[in-house]
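Novice: The letter at position 153 of the sequence shown is residue 137 when you use the numbering used here, and the numbering goes up by one with no holes. Handing you a structure now.
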Amino acid sequence: MSRESPTSDQRPRSIVLVMVDQLSARWVEACLASAAPLSNLARLQARGSTFRNAISSNPICSPARASIATGLTTRQHGVLLNGYNLDPAIPTFMQALQAAGWRTGAFGKLHLRSQYESLFPDYRPYGFEVQEITEDARGGPWLEWIRTEHPEHLDDALSTVWARSFPEFKCHGPEGVDLAARFGSVRELFGAYELPFPEEISQTNWTTAHAVDFIRSTDREQPLFAQVSYVQPHDPYAPPPGFLDRVDVDRIPDPLPAEWADDPCAPPLFHDMGGRATPSPEWRRDRQHYFADLCHLDEQLGALEAALADSGRLDDTVIIFLSDHGDLLHDHGLKLKGGLHYDACLRVPLVIAGPGLQRGGERSELVQLEDIAPTIHELAGVEVPQPAFFRTSRPGGGQSPDRTFDTLPGRSLVPLCTGARASGWRDAAYTESFSSNTVPHTPDRWARTVRTHDWRYTMYPRGGGEQLFDLAHDPDEQRNLARDPAYDGTRRDLRDRLLELLIEQDYPHSPRGRFAYGVP
């Protein structure tokens, strides 16, 4: 691949990472095809490159986001599933930007720490100078803002809080207010509803407003990085009032059939996760609310671009639009994510637009979340860090120069964004899951997947099932070929490739806690 990168005078002065939660590329494509208007995202695609095969490395929130921040695989950074905290000693691209003089800000949902640890998490150690955080639990600063600035909507906001076991709700915020005493019934845990308060005070608008303030308050001469990260369209699907009518219900695609229901080698896990052989009667309602949320998020993208334009930054800003993982949204009779490694779970939207990059490009290469960190390093002209975390000590002090890793497992996408030919690019993507939100968390609930352009092969350990799909001829993944003798050779080849990729997940491994590595 030719190494064509933006020159120093083309390098961005701003990078804005727009993260949305639980958004599948499949549903973005359905909206853009006609189901719902996403004019700002369509305009961003026209200004940049759209990656059609961006694959989530671990389709659940915290592991995926840790890979984005560090450029490391799940087992390298150690965040195997939700509930783990990312060690701030592990280098992030945000830390590298901050050390290079960039002003860094985090807005909305970060989820690099367990959301059950605190409603007021501190993300400054990860490389953020400014933070305004509101996560899935719908508590913390956003709820305090409603309590103090919009008290007439507090009870309605509390009715959307589904994770109510936090002790902090009994002593919430700087004044120690007992909000748990005001809890009524929960509106929905996993369904769909319209927010019971105005759009202007939603988590989504609150997140955008703080990001806009950050952009406008940053000195024009200082480079900035903003991670603007929304909770929606994560379930429960809850758009603000007025957005449901923007969705053309007649153009919402029907759910793909649950082909696994009578498949003897399909994972029993699907039944345990509430899978249905026939579509749920709620599928259309759920999809309408989900798509309406996308319309709302599209407006936020427009507001961010307007703030960049008003601040004189838009022309030298790279905008990255990305999700952590998808949502089955009733395809195959299933909802949500985790070990359900179908297309709507694994394939995420990724658009990169900015100065010196190709306009209106479409790339079909297999991209992984580990590619984002090296991409941002290259865009900013900041070297990939080589701190002690990646080095090894030797007795008597000093470092072992031949033991230093000079690469991250991912690769920069900048050459692809400039229209370069993709010679030598990866020919397969790897995805792993350690949990599917069901108990027990035993290996038969885990999933390991290799995905090529033409095939998807998934293995569940301990006899937990096996899937093989010919994506070239069966893109809807309706015929499992794992036990078909005619495809034994393909199955063996993909199992071998899966084993190779699984082993490579530990390279370069990080010698956390070691005094010395190998022979000094």
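C-beta: ideal position from N, C-alpha, C; glycine also.
When burial is assigned at 16 or more other CB atoms within 10 Å of the CB, is lysine 93 buried or exposed?
Specialist: Buried: at least 16 other Cβ atoms inside 10 Å.
Novice: Give the straight-line distance between the Cα atoms of leucine 400 and serine 143, rounded to the nearest whole angstrom.
Specialist: Near 46 angstroms, if we compare the C-alpha coordinates of serine 143 and leucine 400.
Novice: Whose CA, out of Arg31, Ile39, Asn37 and Asp71, lies closest to the CA of leucine 53?
Specialist: What sits at residue 53 in the sequence shown is alanine, not leucine. The shortest Cα separation from alanine 53 among Arg31, Ile39, Asn37 and Asp71 belongs to Asp71.
Novice: Taking DSSP as the reference, what is the three-state secondary structure of histidine 156?
Specialist: Histidine 156: strand per DSSP, three-state reduction.
Novice: Check whether the region 316 to 328 touches the region 16 to 25, counting contact only when three or more Cβ pairs, one atom from each stretch, lie closer than 8 angstroms.
Specialist: Too few Cβ pairs lie closer than 8 angstroms, so no.
Novice: Whole angstroms is fine: what's the gap from alanine 412's alpha carbon to tyrosine 274's?
Specialist: Looking at the two C-alpha atoms, the distance is approximately 30 angstroms.
Novice: By Cβ distance below 6 angstroms, which residues in the same chain neighbour arginine 410 in space, the five residues on each side in sequence not counted?
Specialist: Correct list, in chain order: Leu350.
Novice: Report yes or no: do three or more beta-carbon pairs, one from the region 283 to 294 and one from the region 198 to 218, lie closer than 8 angstroms?
Specialist: These segments touch.
Novice: Does DSSP put arginine 375 in a helix, a strand or coil?
Specialist: Confidence at arginine 375 is low in this model, with a pLDDT of 47, below 50, so its placement is unreliable and the value that follows should be read with caution. Coil at arginine 375, not helix or strand.
Novice: Can valine 239 and proline 265 be called in contact, C-beta distance under 8 angstroms?
Specialist: The amino acid occupying residue 239 in the given sequence is proline; valine does not appear at that position. Result no, Cβ atoms of proline 239 and proline 265 do not sit closer than 8 angstroms.
Novice: Return helix, strand or coil for methionine 257, following the three-state DSSP convention.
Specialist: In this structure, methionine 257 counts as coil in the three-state DSSP scheme.
Novice: Rounded to the nearest angstrom, what separates arginine 271 and serine 186 at their Cα positions?
Specialist: Going from the Cα of arginine 271 to the Cα of serine 186 covers about 20 angstroms.
Novice: Are the region 35 to 50 and the region 94 to 112 touching by the rule of at least three beta carbon pairs closer than 8 angstroms?
Specialist: A contact exists between the region 35 to 50 and the region 94 to 112.
Novice: Just curious, the beta strand (DSSP E) that leucine 455 is in, first and last residue?
Specialist: From DSSP, leucine 455 is part of no beta strand (DSSP E); its letter is neither H nor E.
Novice: Please classify serine 384: does DSSP put it in a helix, a strand, or coil?
Specialist: No answer about serine 384 holds up, because its pLDDT of 42 lies below 50 and its placement is not dependable.
Novice: At the 8 angstroms Cβ level, is threonine 202 part of the contact set with chain B, yes or no?
Specialist: Included in the structure is just one protein chain, with no chain B present.
Novice: Between Ser8, Leu253, His61 and Ala50, which lies nearest to arginine 36 when the distance is taken from Cα to Cα?
Specialist: Cα-wise, what sits closest to arginine 36 is Ser8.
Novice: Leaving out five residues before and five after glutamate 416 in sequence, what residues of the same chain have Cβ atoms less than 8 angstroms from its Cβ?
Specialist: Excluding residues within five positions, the ones whose Cβ falls inside 8 angstroms are Ser41, Asn42, Thr58, Trp430, Ala431, Arg432, Thr433, Leu486 and Gln489.
Novice: Between which residues of its own chain and alanine 195 is the CB-CB distance below 6 angstroms, once the five residues before and five after are set aside?
Specialist: Cβ neighbours of alanine 195 beyond the five flanking positions: Phe91, Ala210 and Val212.
Novice: For the candidate residues Phe305, Tyr441, Ala242 and Gly345, whose alpha-carbon lies nearest to that of lysine 319?
Specialist: Comparing Cα positions, the closest option is Ala242.
Novice: Alpha carbon to alpha carbon, how far is glycine 473 from arginine 347?
Specialist: Using only the alpha carbons, I get a separation of about 30 angstroms.
Novice: Since I believe arginine 131 is in contact with valine 161 (beta carbons under 8 angstroms), could you give me their beta-carbon distance rounded to a whole number of angstroms?
Specialist: Confirmed, Cβ separation roughly 7 angstroms.
Novice: Contact defined as beta carbons within less than 8 angstroms: I believe leucine 452 pairs with leucine 483. What is the distance between those atoms, to the nearest angstrom?
Specialist: The pair is not a contact, with the Cβ atoms about 15 angstroms apart (cut-off 8 angstroms).
Novice: Serine 149: buried (16+ other C-beta within 10 angstroms of its C-beta) or exposed?
Specialist: It counts as exposed.
Novice: Under a Cβ-count criterion, where at least 16 other Cβ atoms within 10 Å of its own Cβ denotes burial, should alanine 84 be classed as buried or exposed?
Specialist: The residue is exposed, with fewer than 16 neighbouring Cβ atoms inside 10 Å.
Novice: Taking all protein chains shown into account, do 16 or more other C-beta atoms lie within 10 angstroms of the C-beta of aspartate 315, making it buried, or fewer, making it exposed?
Specialist: Flag for aspartate 315 reads buried.
Novice: Give every residue of the same chain whose Cβ lies closer than 6 angstroms to the Cβ of alanine 250, excluding the five residues on either side of it in the sequence, and list them in chain order.
Specialist: Taken in chain order, the residues that qualify are Trp244 and Gly449.
Novice: Reducing DSSP to helix, strand and coil, say where isoleucine 303 ends up.
Specialist: It is a strand residue.
Novice: Identify the residues that DSSP records as bridge partners of leucine 334: which are they?
Specialist: DSSP output for leucine 334 lists Leu306 as bridge partner(s).
Novice: Measuring straight from C-alpha to C-alpha, what distance separates aspartate 247 and phenylalanine 418?
Specialist: One C-alpha to the other measures close to 23 angstroms.
Novice: Let me know if glutamine 216 comes out buried or exposed under the rule of 16 or more other beta-carbons within 10 Å of its beta-carbon.
Specialist: Buried.
Novice: Would you identify the three-state DSSP class for glutamate 347, choosing helix, strand or coil?
Specialist: What sits at residue 347 in the sequence shown is arginine, not glutamate. DSSP places arginine 347 in strand when its eight states are reduced to three.
Novice: Measuring straight from C-alpha to C-alpha, what distance separates glutamate 354 and tyrosine 107?
Specialist: So the alpha carbons of these two residues sit roughly 20 angstroms apart.
Novice: What does a CB cutoff of less than 7 angstroms around aspartate 460 pick up in its chain, not counting 5 residues either side in sequence?
Specialist: Answer for aspartate 460: Leu240, listed in chain order.
Novice: Below 8 angstroms on the Cβ atoms is my contact criterion, and I expect tryptophan 11 with leucine 313 to pass it. Report the Cβ-Cβ distance as a whole number of Å.
Specialist: The Cβ separation is near 7 angstroms, so the contact holds.
Novice: Between alanine 287 and threonine 192, how many whole angstroms is the CB-CB distance? I'm expecting something under 8 angstroms.
Specialist: That belief holds up - the Cβ atoms of alanine 287 and threonine 192 are roughly 5 angstroms apart, short of 8 angstroms.
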